[in-house]
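Residue numbers (my numbering): 6 to 840.
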């Protein structure tokens, strides 16, 4: 009597027995199996349990529970996990370890006795009281490890933008773990546990931008820089106290450009270009929109429309054009309408072209002023803000323009980059736009003064990004900012090395200037101890989910106030806030270890809409969804969802989502794979090496829990959790080495186990004295957070999303529109709520 696993597959129920896969008719199920299948379907728990069956005519029949299976408990654990996830939300794949002020660390806390700042001890000699030697370390994977080999990357046929990666291997065909990758991961962890300076903190001196509230655009006044002054070009309107136009009459004239057949050219031919000086005939138009509250149309603003245009000095028509035809009010429905007031004027102005940078854009602008332009102060008042804002715009989209050569924002097909950002065709940023120069056009925010108005802020477009109050570097303790000289080296700088944050600039000034330091540590060659260490996948491999790029403009994710998370509506890089500091990727406890390997099994199968232990297959990019019309808004196409809130997907290779935004892998390192290497150290103090030993032997320090460091690629998706243990060591002081050299005798090695314990104790005591009022090491904020990161979360871990399962359309960004802040990482109970 054969035994197999009953499973639900895209084409129905099936029994998987060895290499056989039998489709199952419900009539072949026993009543108790049929009821269990029904119960599991209702709870959205995967159907996967052992059954006994018979085969007649090539089809399974008489399907009943296997002898060792108790159907009453099948799926209970998964149901509880799913229920817990629904009630408790999810855990974000990244968080932060907050740094503490280091300015109180006095000379007695400096090396060699403490964790303060001080010069490194160098490599030129063995110092008598300092330790040198090696530490042998073993790492074991608890989740798959991605060690992608860029040199062998390929692209699928017909999809040159998508990269498919293999594993980097050694001469034996085993996975090769680059020492530099290990050193980088250990360096970040060491920086956190010693509360060292932020060594990777470049390009954070400028203020960041955020999306402006569209309602603020009405308060921005067109302006031009003339003779170092800001000149307001207010059109035919007057300026209210808050900067908005009197009587809702827009300042600039609309210049038809992008709607089909609407391009307004010069009378003599040719298209008006940015900064062209022009003369125009303009027509005054009323804009009417349906007000849902009042249940009627209201006139929400008036504007001037360019009807005829010539270069300055050209000749306009003698007579005004025929007024724009307006639809009779009796025919209006809930759309918006434009009604001509049959009023015309003739003006001189400057063309402002920002490109088709938003969907459905139909006009550019002509800046003009019927009276003498008002002076709003010196350009010096706003030039720094302009530089910071334009830099923020360009750096946000640098990769899309310079690397991907995108013609415009991917979220807005058919649109192009704004003039001040860059050009995807040339792959260049508009760096000449970073300086607010003579003749440039802009929009300014003003404040009322006794004599008129003064510019207080400046923008490249009418609805723009705007700057936060403070730059990120202004919200960091000065004692945590990167070291500028050897005397400012924190422990991580001394141990792992240092590069000056302005190294390139300093080298240009003085080629002999010292801008880097090697550090006192070296990772030796790595050896894979596991023979069957690689999982290999067929075809084009597994399309990984899109990895989210850092979004510093989401201020609530990057700042905290008084040690607490900041809701989205209050996040804003303000003087009352502090940065969260060190970004970390906590261990995915919910899907780690051999006992939970089912989550990672058969990754080429799309299970993104099926929960396993409450966790959807978040590491895989879903297949394309099934598009259907919105049930109410029939013109709107949406992805079809199942009754349980998951999405209906289209299986098949042709529906795999492979683009330049994600990557595929044909191999990864298996769970349970072991690596070994030696860490060579020279001239480290007891505290410095004690911190290293504590970090690499956490399971020994806290045997009641498991701890994991994060390494390799794809950490936000759960890859790269490795358990670390110290196998052996050979550490001795410079004095002992000196004695051996002078006597030509073999040095007598200190008993290493007790030495390591003493060194760990030295670190614990030093950190407790430096950062805990009671001297209790376990109560130090950054130590608590680091341990929580290594121990991992309870419950599902994935990027924020507003849907139950991963959205095939990738619209997870909608979650960011809600009020949810990122919790402060101190314990493993911090959870993010689902919207």
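Note that CB positions come from ideal geometry on N, CA and C, so glycine has one too. What you are looking at is a predicted structure, and each value in this text was computed from that prediction instead of being measured.
Span of the alpha helix (DSSP H) around residue i
| i | result |
| --- | --- |
| residue 231 | No alpha helix (DSSP H) contains residue 231, which is instead part of the beta strand (DSSP E) from 226–231. |
| residue 633 | Taken as a continuous stretch (DSSP letters only), residue 633 belongs to no alpha helix (DSSP H), being part of the beta strand (DSSP E) at 632–634. |
| residue 585 | Element bounds for residue 585: n/a, residue is neither H nor E. |
| residue 337 | Where residue 337 is concerned, there is no enclosing alpha helix (DSSP H), given that its DSSP letter is neither H nor E. |
| residue 497 | 496–501 |
| residue 705 | 703–706 |
| residue 859 | Summary: the structure shown does not reach residue 859, with the chain confined to residues 6 through 840, and so no result is reported for it. |
| residue 793 | 786–796 |
| residue 763 | 757–776 |
| residue 669 | That residue, residue 669, is in no alpha helix (DSSP H); its beta strand (DSSP E) goes 668–670. |
| residue 131 | Careful: residue 131 lies outside any alpha helix (DSSP H) and carries neither H nor E. |
| residue 168 | Unbroken run through residue 168 is the beta strand (DSSP E), 168–170; no alpha helix (DSSP H). |
| residue 19 | Here residue 19 belongs to no alpha helix (DSSP H); instead the beta strand (DSSP E) covers 17–22. |
| residue 560 | 560–563 |
Best match in the options for proximity to residue i [C-alpha to C-alpha]
| i | options | result |
| --- | --- | --- |
| residue 390 | 438, 813, 207 | 438 |
| residue 217 | 660, 537, 398 | 398 |
| residue 230 | 449, 119, 31, 287 | 449 |
| residue 672 | 651, 540, 220 | 540 |
| residue 719 | 461, 804, 791 | 804 |
| residue 359 | 424, 41, 613 | 424 |
| residue 22 | 32, 55, 34 | 55 |
| residue 508 | 496, 497, 521 | 521 |
| residue 98 | 475, 43, 721, 492 | 721 |
| residue 808 | 651, 602, 786 | 651 |
Delimiting residues of the beta strand (DSSP E) encompassing residue i
| i | result |
| --- | --- |
| residue 180 | Unbroken run through residue 180: none, as it is neither H nor E. |
| residue 255 | 254–261 |
| residue 342 | 342–357 |
| residue 3 | No statement about residue 3 is possible, as the shown extent of the chain runs from 6 to 840 and does not include it. |
| residue 735 | 726–738 |
| residue 372 | 368–373 |
| residue 381 | 379–383 |
| residue 578 | Unbroken run through residue 578: none, as it is neither H nor E. |
| residue 679 | 679–689 |
| residue 26 | 25–28 |
| residue 650 | From DSSP, residue 650 is part of no beta strand (DSSP E); its letter is neither H nor E. |
| residue 241 | Run containing residue 241: none; DSSP gives neither H nor E here. |
| residue 446 | 446–454 |
Within 8 Å, strictly: CB atoms of residue i and residue j
| i | j | result |
| --- | --- | --- |
| residue 446 | residue 374 | no |
| residue 608 | residue 674 | no |
| residue 203 | residue 463 | no |
| residue 148 | residue 670 | no |
| residue 189 | residue 451 | no |
| residue 170 | residue 663 | no |
| residue 526 | residue 701 | no |
| residue 403 | residue 434 | yes |
| residue 71 | residue 57 | yes |
| residue 736 | residue 703 | no |
| residue 644 | residue 413 | no |
| residue 143 | residue 677 | no |
| residue 441 | residue 363 | no |
| residue 271 | residue 326 | no |
| residue 802 | residue 96 | yes |
| residue 222 | residue 468 | yes |
| residue 339 | residue 295 | yes |
| residue 624 | residue 549 | yes |
| residue 682 | residue 172 | no |
Cβ of residue i within 8 Å of any chain D Cβ
| i | result |
| --- | --- |
| residue 250 | Considering every chain present, this structure includes no chain D. It has just one protein chain. |
Problem set entry | alpha helix (DSSP H) runs wholly inside the segment 385–423, at least 4 long, in chain order | 388–401
Exercise. Would you say the segment 593–600 touches the segment 786–798, given that touching needs at least three Cβ pairs under 8 Å?
Worked result: yes
Exercise. Between the segment 707–722 and the segment 157–166, do three or more beta carbon pairs fall short of 8 Å?
Worked result: no
Problem set entry | Any 3 or more C-beta pairs closer than 8 Å across the segment 191–202 and the segment 366–382 | no
For this session: Enumerate, from N- to C-terminal direction, the unbroken beta strand (DSSP E) stretches of 3 or more residues contained entirely within the segment 254–308.
Result: 254–261, 282–296
Exercise. Counting pairs of beta carbons, one from the segment 499–516 and one from the segment 524–544, are three or more of them closer than 8 Å?
Worked result: Because the criterion of three Cβ pairs below 8 Å is met, the segment 499–516 and the segment 524–544 touch.
Problem set entry | contact_flag[the segment 533–548, the segment 507–522] where n(CB pairs < 8 Å) is 3 or more | With a cut-off of 8 Å, the segment 507–522 and the segment 533–548 do not count as touching, because too few Cβ pairs lie within range.
Exercise. Touch check for the segment 62–70 and the segment 770–785: three-plus C-beta pairs under 8 Å?
Worked result: no
Exercise. Do the segment 341–359 and the segment 319–333 make contact, defined as three or more Cβ pairs closer than 8 Å?
Worked result: Segment contact: the segment 341–359 against the segment 319–333, three or more CB-CB distances shorter than 8 Å; contact assigned.
For this session: Say whether the segment 299–311 touches the segment 267–287, bearing in mind that this needs 3 or more beta-carbon pairs closer than 8 Å, one atom from each stretch.
Result: The segment 299–311 is in contact with the segment 267–287.
Problem set entry | Contiguous alpha helix (DSSP H) assignments of at least 4 residues, all confined to the segment 173–224 | 184–198
For this session: Enumerate, from N- to C-terminal direction, the unbroken alpha helix (DSSP H) stretches of 4 or more residues contained entirely within the segment 510–558.
Result: For the segment 510–558, not a single whole alpha helix (DSSP H) run of length 4 or above is found.
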